[in-house]
Amino acid sequence: MSHDATIERLYVLDAGIAQVDDASIYSPGFNVGKPMTLSCNAYLIRHRGQWMLWDTGTQDDLIGEPEGRIIAHGIRGTISKTIASQLQEIGVEPDEIGTLALSHAHYDHVGNCRLFTKAEWIVQKAEYESMFGPDPDAFGFRPELYGTLRNNRLRLIEGDHDVYGDGAVRIIFTPGHTPGHCSLLLNLPEAGRVLLSGDVAHNRRNFQCRCVPSFNVDALQSIASMNRVEELLETEGATLFVNHDVVQNATLPHAPDWLS
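The letter at position 124 of the sequence shown is residue 124 when you use full-length UniProt numbering, and the numbering goes up by one with no holes.
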């Protein structure tokens, strides 16, 4: 299949920040006891005039809590802008988003799912079963944030998936952080191929050293997924956008600006 088709625009939405007291939860044995701040993004994609959202960010109702809130795994979430207000600034209504996909179901990726009831939700079978199975808490999931997704139209997938069938937007199955964790490979007309990491690694250093967070569900799968991402970066000539890397994040244009 040719992968020449491109998306029209990629908007990087500010989805809050996450703070931890001990950075070594992401890199066992390294940065022990050091505080760390992580950027969080959601990504709005325009493809042939249609809208797709990758991740939904930290929950908008935290806008009323300047100190933030510890939500899961001892991680404190705060936001300075709501996802709803950023969409409004771009001129997109939540109901106009036809496709929703999540890298995985941790709070900073699913916080605003309830805004997007009209979207078709694309999800890995393994993630779906963990989210709605007997013990979502075991994965650090908060069902109250994503429970409305049960009522969305569903596209259940297993493994890699070409969202529009033309190679412009490809879900890449990168399990390990959670059972159905995914990354997203985009083809942009000017920027070329970009791989949105999800949480395959939490910053570029952790990616290089193949650090596996202490709360990942499967360490061997995690390393295999990082290896797979590295191979894809080489074979596709793609740039890696590491969702939680504050240094890299500061270099990206954020909405209402876009990448093309």
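The beta carbon of each residue, even a glycine, is placed where N, CA and C say it ideally should be.
Here the structure is a predicted model, which means the values were calculated and not measured.
Check                                                                                                                                                  : Outcome
Would you tell me roughly how many angstroms separate the C-alpha atoms of Ser2 and Arg9, rounded to the nearest one?                                  : Because Ser2 carries a pLDDT of 49, less than 50, the predicted location of this residue cannot be relied on, and the following value inherits that uncertainty. If I take the Cα positions, the gap works out to 20 Å.
Within 10 angstroms of the Cβ of Asp59, are there 16 or more other Cβ atoms? Answer buried if so, exposed if not.                                      : Sequence check: residue 59 is Gln here, not Asp. By the neighbour-count rule (16 or more Cβ atoms within 10 Å), Gln59 is buried.
Quick one: residues in its chain with C-beta nearer than 7 Å to the C-beta of Leu156, no 5 flanking neighbours on either side, listed in chain order?  : Val123, Lys125 and Tyr128
For the stretch 101-110 and the stretch 174-187, state whether three or more C-beta atom pairs, one from each stretch, are separated by less than 8 Å. : yes
How long is the line joining the alpha carbons of Val246 and Asn41, rounded to whole angstroms?                                                        : 10 Å
If contacts are defined as beta-carbon pairs under 8 Å, then Asp112 and Ile83 qualify, I think. What distance do you get, rounded to the angstrom?     : Inspection of the sequence shows that residue 112 is occupied by Asn rather than by Asp. Yes, Asn112 and Ile83 are in contact; Cβ-Cβ is about 5 Å, under 8 Å.
Pairing CB atoms from the stretch 184-201 with CB atoms from the stretch 238-257, are three or more of them under 8 Å?                                 : yes
So His47 is in the beta strand (DSSP E); what residue range does that whole segment cover?                                                             : Met36 to His47
The alpha helix (DSSP H) with Ala219 in it runs from where to where?                                                                                   : Ala219 to Glu236
On the CB-based measure, 16 or more other CB atoms within 10 Å of its CB, does Asp257 come out buried or exposed?                                      : exposed
Tell me Gln124's beta-bridge partners as DSSP assigns them.                                                                                            : Ile157
Nearest-angstrom Cα distance between Glu65 and Arg76?                                                                                                  : 11 Å
Which class does Ser2 belong to by DSSP, given the choice of helix, strand or coil?                                                                    : Because the pLDDT of Ser2 is 49, which lies under 50, any placement of that residue in the model is unreliable, and the number read from its coordinates should be weighed accordingly. Coil, per DSSP.
Just reading off the alpha helix (DSSP H) that Asn206 is part of, what are its end residues?                                                           : Arg204 to Gln208
So if DSSP puts Gly77 in a beta bridge, which residue, or which two residues, is it bridged to?                                                        : Ala18 and Arg69
In the DSSP assignment, what residue or residues form a beta bridge with Ser183?                                                                       : Ile172
Alpha carbon to alpha carbon, what distance is there between Val12 and Gly68?                                                                          : 22 Å
From which residue to which residue does the alpha helix (DSSP H) around Leu252 run?                                                                   : Here Leu252 belongs to no alpha helix (DSSP H), and DSSP marks it neither H nor E.
Using only the alpha-carbon positions, how far apart do Pro189 and Val32 sit?                                                                          : 42 Å
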